[in-house]
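To keep things clear, I will list the structure first and then write my remarks on it.
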Amino acid sequence: MTVLDNTMPLYIWGETLDKEELEMQDISTSIFVGEDRSYRKYDLERESETRYRVIKETHDGEVTITEIEYYPDLDAVRLETVSNGKLELVFEYAKTKDGYAAQYYFETIIGGSYGAPQRGMCAYKIIFSGLNGSKARFIDVEEPASIIGNVPDAEDFIKGANDWLTIKDGNFTGELAGESF
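Per the numbering used here, the sequence shown runs over residues 54 to 234.
Structure, rendered in structure tokens:
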């Protein structure tokens, strides 16, 4: 599955799942379920006012569980997807003092040779305030520390990245493929 597939619940239902959405579950999920559709089963479960899960089962028996937790007092969200028992995606966003930070963690192609891709877990991070911000990629890494309730400053957030780009006061700096600019 792609990052878009795994984050789709946030686009469809948002940070929280209300009673009306649960009551309309069969109608709203019917576009995904059926013999000629992607899934055999697609269920929504509300665990609390700020936490819900989506359980999807393909016609081949693959099960994907996505859990979404919203932290309204922090203006933050954590989404985690596990597919057949394996972590597939972690996505978080959190309000900073004057902007937002977000991070994605998932498996992607990190290299390869002779047509054989090498895959690894990577973290992609972005932090911004107004027109200033940074984006960074961390290749073949362990899951990053959660930013929920503990967003580091912009410099620390991208420290150690393989590739990064910063825009500050209209000036670009960064490092791509080992080349600084």
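Glycine included, each C-beta is placed from N, C-alpha and C at the ideal position.
Comparing C-alpha distances from I200 to each of M77, D79, E145 and L132 shows the shortest one belongs to E145. Ranked by Cα distance from F85, the first of G152, K109 and S101 is K109.
In this structure Y153 does not touch T69 by the C-beta definition: roughly 18 Å separates them, more than the 8 Å allowed. Straight through space, the alpha carbons of A189 and I179 are spaced by roughly 6 Å. Bridge pairing for W217: A189 and E228 [DSSP]. Straight across, the Cα-Cα distance linking L127 with A147 is about 7 Å. Annotated three-state conformation of E74 is helix, per DSSP.
Closest by C-alpha distance to N203, out of A176, L229 and A155, is A155.
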